[in-house]
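Below is one structure, written out as structure tokens, with a few remarks after it.
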Amino acid sequence: MPLLLARHLRLPGARHAALGWLYARAEQRGASRPLAYALAFATTELLYPLLFPWYAAASLTPVPTLVQVAELGGPILVGLVLVAVNVAVSEVVLARLEGRGLDRRPLVVGAAALVGTLVYGWARIRSVDARMAASDAARVGIVQANMGLMQKRSNAAEGVQRHKDLTAKLKAEKNIDFVVWSESSVMYTFPEAVADVMLKERVTGGLGLPAIFGAVVYRSSADRERDVLFNTSFSTDERGRTTARYDKQYLLMFGEYLPLAETFPVLHKISPHSGRFSPGKTLDPLLVAVRGQTHKVSMLICYEDILPSFVRSAVRFAEPELLVNITNDAWFGDTAEPWQHLALAQLRAIEHRRFLVRSTNSGVSAVVDAAGRVVKKGGTFQVEALDAEIKWMKGQTVYGLVGDSPYYLMSATAFFLAFRRRRAPAKTADS
């Protein structure tokens with residue numbers, strides 16, 4: 004498993020190599036440099052396989068004005084604005100190095116892309132702010148228990164009690180309407196048939212408010228050697244009764260499942276610590292009742308919140324009023340990864356104009372508004388109880404409707420330009 008993970012962690016660098024190769028082939032076959040680079044960029048952002056997908060757009064989330072176009076074309080469109088500006092700068096540098104005249108077309112495109120993005124972002128932030136002001140509000144509590152990876156497993160009761168105590172504090176001091184705990188915050192494994200009853204008895208019965216949290220559920224199967232495991236999130240009402248359930252669909256390769264292990268069980272002997280979870284089958288939302296109204300919440304477990312196409316499918320299916328991500332990034336230690344995860348997730352709020360609530364075991368827990376701004380966040384590897392106002396929002400965006408379709412067309416064009424025959428040299432009068 005370590006070797007396989009190491010190979011996947013090298014893939015981001017290989018993506019840049021693939022971009023350069025695709026660009027060079029298209030440029031050598033007659034495509035203009037700016038066009039070839041833009042097409043190669045879109046193709047590799049869309050199609051290059053990564054264990055943890057990364058988009059250049061995440062680097063711009065600290066400047067909300069520059070990322071509002073994500074509602075039109077997702078993270079790739081934001082990245083293409085970066086490309087346009089950088090191609091313009093490179094044209095100035097290359098013209099000087101090559102001793103040739105300046106091609107003003109890339110400069111015009113780069114300037115137009117930047118100015119257009121800034122104007123659009125400025126206008127849309129004000130428009131979205133007005134929508135948020137007119138939307139119904141609720142106060143959410145977020146519990147970040149900061150349980151160590153081994154501590155969570157060895158002392159599940161302590162983990163649950165820590166979540167209960169912090170929830171009680173939020174309820175008493177902040178008057179929250181509902182609370183969100185992190186992925187696997189409840190480290191008990193519940194049989195599917197009686198999970199609702201056991202959860203109420205052991206976890207949610209005394210909370211006194213609606214809750215969303217993660218647990219592990221198993222289903223007994225007569226035709227399988229082992230039980231079927233699910234990485235699950237539940238929503239419960241103020242009396243502790245289960246209102247809905249979501250099973251994680253995009254399982255983490257090598258961590259939660261081992262590719263081909265169902266066909267070749269011997270692989271588990273090679274990687275004995277890989278999980279044996281099964282993916283969920285439905286995108287049904289969780290249900291949270293606040294102030295007499297029941298609201299739909301689309302759940303995103305672990306790294307599902309950095310998958311634009313998956314989140315788009317969830318939003319189109321469920322038409323939620325809120326996005327919630329529960330995760331545990333403790334695996335990565337005190338590194339930049341939890342902050343990168345948050346930056347990537349922020350784009351989902353813009354793409355669908357919904358608030359995003361993130362509850363993590365060890366950070367970074369946060370609330371992101373519908374304009375992609377972080378309105379509340381905690382730290383890393385700290386026990387924290389956060390609260391913030393969220394707005395229940397509905398509606399559709401261009402990206403929600405169209406998705407990545409334009410980039411598949413760009414990818415097809417890129418491969419056509421990269422693999423067409425080279426142009427024959429022009430004949431001279433002497434030949």
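Going by the working numbering, the sequence shown wraps up at 434, each residue one higher than the last. Virtual Cβ for every residue (Gly too), placed ideally from N, Cα, C.
Own chain, CB closer than 8 Å to residue i, minus 5 neighbours either side, in chain order
i, result
"L63", "L69, V70, V81, L85"
"L8", "In this prediction, L8 scores a pLDDT of 36, lower than 50, which makes its location untrustworthy; the coordinate-derived value is nonetheless stated afterwards. Contacts found: L54, F257."
"S312", "G406, D407"
"A98", "G104, L105, D106"
"M396", "R134, M135, S138, E324, L325, R356, R357, F358, A373"
"F181", "A141, V143, G144, L212, P213, A214, I215, V291, V293"
"D390", "R142, V143, G144, I145, L173, K177, I179, K379"
Alpha-carbon to alpha-carbon, residue j and residue i
i, j, result
"H19", "A171", "49 Å"
"A373", "A140", "13 Å"
"A73", "L22", "22 Å"
"E30", "A415", "16 Å"
"R127", "F216", "33 Å"
"R244", "A292", "12 Å"
"R361", "A116", "32 Å"
"G295", "R108", "58 Å"
"G209", "E195", "22 Å"
"W57", "T46", "13 Å"
"E241", "S301", "19 Å"
"V111", "T297", "50 Å"
"Q399", "M413", "24 Å"
"Y40", "N89", "11 Å"
"G336", "T383", "9 Å"
"W125", "L345", "23 Å"
"V206", "S368", "22 Å"
"L6", "H166", "For L6, the pLDDT reaches just 37, beneath the cut-off of 50, and the residue's location in the model is therefore unreliable, leaving the point undetermined."
"L286", "K394", "22 Å"
"S351", "P262", "The sequence given here places Arg at residue 351; Ser does not occur at that position. Distance between the alpha carbons of R351 and P262 is about 28 Å."
"G76", "L83", "10 Å"
"G16", "V197", "47 Å"
"A34", "Y402", "28 Å"
"Q385", "S157", "20 Å"
"V200", "I309", "33 Å"
"D161", "P37", "The sequence shown places Glu at residue 161, rather than the Asp named in the question. Rounded to whole angstroms, E161 to P37 spans 57 Å at the Cα level."
"W342", "G366", "8 Å"
Neighbourhood of residue i by C-beta distance below 6 Å, restricted to the same chain and skipping five residues each side
i, result
"Q438", "This structure cannot speak to residue 438, because the chain is shown only from 4 to 434."
"P282", "Q252, L254"
"A421", "L25, R28, A29"
"I79", "A45, E48, Y410"
"R423", "R32"
"E392", "A140, R142"
Neighbour-count burial assignment, residue i, 16 or more Cβ in a 10 Å radius
i, result
"E48", "buried"
"T363", "buried"
"E307", "buried"
"H271", "exposed"
"N328", "buried"
"R10", "With a pLDDT of 42 at R10, under the threshold of 50, the modelled position of this residue cannot be trusted, and the question is left open."
"W334", "exposed"
"L105", "exposed"
"L347", "buried"
"P67", "buried"
"V377", "buried"
"R357", "buried"
"S130", "exposed"
"L3", "Outside the modelled stretch of the chain, which goes from 4 to 434, sits residue 3, for which no answer is possible."
"D239", "The sequence shown places Thr at residue 239, not Asp. The residue in question, T239, is buried, as its Cβ has 16 or more Cβ neighbours within 10 Å."
"G381", "buried"
"E94", "buried"
"A175", "exposed"
"R248", "buried"
"A60", "buried"
"A91", "buried"
Sequence-distant residues of its chain with Cβ nearer than 7 Å to residue i (five each side left out)
i, result
"A388", "G144, V146, L169, K172, L173"
"E2", "Since the first residue of the chain shown is 4 and the last is 434, residue 2 is not available in this structure."
"T192", "V219, Y221"
"Y51", "R18, A21"
"A417", "L25, A29, L42, A43, T46"
"D230", "Y221, R222, S223, S224"
Check: residue i C-beta below 7 Å from any heavy atom of the ligand FAD
i, result
"L69", "Among the components modelled here there is no ligand, and therefore nothing to report on the ligand FAD."
CB contact below 8 Å: residue i versus chain D
i, result
"A388", "As a matter of chain content, chain D is missing from the structure shown, which is built from one protein chain."
Taking the runs of the beta strand (DSSP E) that are 3 residues or longer, which of them lie wholly in the segment 231-277?
231-239, 245-250
In chain order, which alpha helix (DSSP H) runs of at least 4 residues are fully inside the segment 62-93?
none
Three or more beta-carbon pairs under 8 Å between the segment 111-126 and the segment 146-157, yes or no?
no
Measuring CB atoms only, is the segment 313-333 touching the segment 259-278, in the sense that at least three cross pairs come out at less than 8 Å?
no
Is the segment 260-275 touching the segment 230-246, taking contact as three or more C-beta pairs under 8 Å?
no
Under 8 Å, with one C-beta from each stretch per pair, do the segment 326-346 and the segment 180-199 reach the 3-pair mark?
yes
Length-filtered (3 minimum) beta strand (DSSP E) runs lying within the segment 286-341:
289-293, 296-304, 325-330
Whole alpha helix (DSSP H) elements within the segment 19-69, 4-residue minimum:
36-50
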